[in-house]
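The structure under discussion appears below in the form of structure tokens.
Numbering (full-length UniProt numbering), first residue to last: 1 to 661.
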């Protein structure tokens with residue numbers, strides 16, 4: 001008979017393997033559901049294209065965009081006159097006519113339209129062409145102020161109510177809400193106003209009873225859902241609007257929302273049977289690119305300056321930074337190197353922010369270096385580049401921020417600098433958010449991928465079907481001419497787990513940087529493992545391997561909270577037990593110009609030198625292949641004909657030595 005202690009170890013081992021198997025099963029089930037949903041969406045698209053709705057759809061086809069893309073509605077001449085006379089526009093953009101027609105017909109609507117697609121017109125035009133007023137709910141006062149400024153210039157009466165509104169202004173707005181003959185067409189409030197002001201809700205109720213509340217528009221409607229990238233608790237209180245005012249149509253608008261988020265938001269707002277219009281995520285004029293972020297800040301800034309002076313000499317752009325401190329430091333660095341740059345973040349003086357905004361709009365400032373505070377309501381059409389100094393915290397954020405480029409439909413570039421350290425810097429910030437870490441890892445996966453079309457990756461995230469052939473070489477991955485190959489890094493994973501297990505046995509925790517140091521044979525001696533031979537790859541490749549293992553759950557983050565900071569450590573992940581099976585293989589993708597295949601064999605404790613030698617062979621083959629630098633790479637994107645000075649840095653090249661899928 002075996003001793004109880006031995007049996008306990010066997011039991012723990014079995015339980016761990018079961019847990020790993022259950023995770024794999026769940027992943028397959030999730031993938032199955034995803035494919036089933038995608039299959040249904042494609043079927044619906046096929047049926048709609050042939051004029052046949054899916055069984056169970058509305059008999060009058062009112063849920064299809066085609067049904068509303070008509071000019072024979074009784075209000076068409078009125079909206080056309082207002083479009084050209086009031087808004088100074090000659091024609092509708094994609095899905096605008098459909099949305100305006102459905103709004104004029106009194107339908108509940110959800111509109112998903114890319115940044116810069118013209119969402120605001122879809123409720124402003126019906127407001128101008130209807131009796132009564134439209135209540136507009138926005139998350140940011142600055143966004144509402146920008147819209148009011150534009151409406152005022154167009155001669156359209158609109159008002160904003162917030163905490164700083166004077167008593168006289170509030171009294172006037174309240175009286176106009178009950179005036180059937182009022183010229184006030186749009187009233188802007190924050191969701192907090194709905195959630196916390198009983199006085200305002202009382203006035204809304206009276207306006208509804210008097211027939212003056214024409215419709216409700218909820219901007220950034222994804223904020224309703226806790227699964228969204230920008231969940232705001234006060235948005236959940238907006239469900240009261242449809243309960244209290246059931247006959248008032250509601251329109252929800254967003255640039256970024258998955259199907260799951262949309263359904264959740266519709267349920268919260270009690271409009272599950274609304275018409276949903278979804279514009280394609282694709283902005284064909286935008287070129288997407290991910291660059292390696294140099295570890296040396298001076299080299300990093302020089303690379304940004306070379307890019308701006310090379311491709312975008314005298315052209316407007318935005319540089320997004322992770323923090324307010326970063327934005328200030330980058331601004332100073334750019335200014336020292338001759339770039340006309342201005343800082344913009346939430347904690348700056350309002351007058352200075354306005355000065356920067358206006359200076360940039362008037363082309364007196366070339367580059368705004370900003371946090372995410374700069375964006376909503378920013379409508380400068382000729383932005384030729386958006387550079388991310390650090391990656392965004394989610395794909396939704398990145399899509400929205402990068403989408404501020406090229407609103408004039410001319411070619412523009414979206415360049416993201418991806419750095420290993422940024423993963424943990426951001427994860428420490430989003431750890432308390434409901435799905436913050438999950439969304440961050442989606443963003444990291446996008447950055448790590450140097451094989452698939454960027455548009456395919458974005459489409460997959462937003463539940464859209466996309467053929468990479470339609471990218472037209474408008475992303476860095478589609479411009480690559482190098483062959484991708486699989487590299488076996490199972491042995492490296494085993495080595496990393498040995499290092500982490502040894503640290504845990506000493507009651508020590510390793511940050512990502514300490515883990516790389518220990519793996520490389522550097523840093524504190526006690527963290528190194530004698531039987532682990534340091535790999536000879538460049539540090540950047542080691543970072544990519546660790547990031548891949550983190551995304552695949554062979555490693556996981558563990559957070560420690562201090563009075564001053566949240567610290568991210570790495571631990572053995574839930575899938576690590578799969579490595580007990582000698583047949584288990586982990587691969588990443590490498591880029592090389594050679595047609596022959598070089599594999600990195602799994603290292604074994606008894607022969608770890610052999611695997612390192614193979615790894616070195618691959619690394620050297622890649623380094624010897626001589627990939628083109630970014631500035632010399634031909635592509636159809638913005639400024640491709642501009643000749644930049646030959647850079648001294650390898651950073652920013654489209655060819656990277658290791659690709660992880």
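Glycine included, C-beta positions come from ideal geometry on N, C-alpha and C.
CB contact flag (residue i, residue j, <8 Å)
i	j	result
residue 386	residue 414	yes
residue 222	residue 203	no
residue 123	residue 105	no
residue 478	residue 453	yes
residue 423	residue 393	no
residue 280	residue 396	no
residue 373	residue 344	yes
residue 207	residue 177	yes
residue 570	residue 512	yes
residue 270	residue 243	yes
residue 83	residue 125	yes
residue 255	residue 403	yes
Proximal residues to residue i (C-beta, below 8 Å), its chain only, five neighbours per side dropped
i	result
residue 405	286, 317, 318, 383, 384, 385, 386, 412, 413, 414
residue 268	224, 225, 235, 236, 238, 239
residue 528	499, 518, 521
residue 440	393, 394, 423, 426, 427, 430
residue 558	509, 568, 569, 570, 571
CA nearest to the CA of residue i, picked from the options
i	options	result
residue 583	489, 567, 548, 152	489
residue 471	461, 482, 457	457
residue 93	82, 366, 121	121
residue 213	180, 197, 225	180
residue 587	573, 492, 538	492
residue 190	312, 297, 219	219
residue 252	136, 156, 177	136
residue 87	76, 36, 155, 407	155
residue 282	356, 112, 205, 243	112
residue 241	372, 487, 108, 424	108
residue 568	510, 119, 309	510
residue 339	309, 360, 350	309
residue 321	249, 401, 305, 250	401
residue 448	129, 559, 419	419
residue 315	347, 345, 360	360
residue 410	346, 27, 381, 100	381
residue 152	324, 95, 186	186
residue 249	216, 299, 182	216
residue 128	166, 182, 95	182
residue 589	574, 560, 562, 545	545
residue 170	195, 200, 194	200
residue 337	303, 350, 525, 326	303
Residue i versus residue j: straight-line alpha-carbon distance, rounded
i	j	result
residue 5	residue 19	21 Å
residue 7	residue 13	10 Å
residue 556	residue 168	57 Å
residue 29	residue 23	10 Å
residue 260	residue 266	10 Å
residue 592	residue 450	Because the pLDDT of residue 592 is 38, which lies under 50, any placement of that residue in the model is unreliable, and the question is left without a value.
residue 604	residue 531	With a pLDDT of 41 at residue 604, under the threshold of 50, the modelled position of that residue is not reliable, and no figure is offered here.
residue 523	residue 514	7 Å
residue 114	residue 536	44 Å
residue 291	residue 141	34 Å
residue 348	residue 110	35 Å
residue 662	residue 39	No answer is possible for residue 662: it lies beyond the span of the chain, which begins at 1 and ends at 661.
residue 246	residue 358	42 Å
residue 117	residue 72	24 Å
residue 134	residue 353	29 Å
residue 578	residue 437	23 Å
residue 132	residue 77	20 Å
residue 486	residue 475	22 Å
residue 188	residue 501	56 Å
residue 619	residue 543	Note that residue 619 scores a pLDDT of 37, beneath 50, so its modelled location is shaky and nothing firm can be said.
residue 363	residue 232	35 Å
Cβ neighbours of residue i in the same chain (closer than 7 Å, five flanking residues each side left out)
i	result
residue 576	497, 554
residue 445	551
residue 98	65, 68, 69, 277
6 Å Cβ shell around residue i - same chain, five flanking residues per side excluded
i	result
residue 341	331, 334, 335, 367, 369
residue 192	234
residue 275	63, 102, 107, 109
Residue i: CB within 7 Å of a non-hydrogen atom of the ligand HEM
i	result
residue 580	Absence of the ligand HEM is noted for the structure shown, with no ligands found whatsoever.
Check whether the stretch 506-518 touches the stretch 426-446, taking contact to mean three or more Cβ pairs, one atom from each stretch, closer than 8 Å. no
Would the stretch 268-288 count as touching the stretch 141-151 if we require 3 or more Cβ pairs under 8 Å? no
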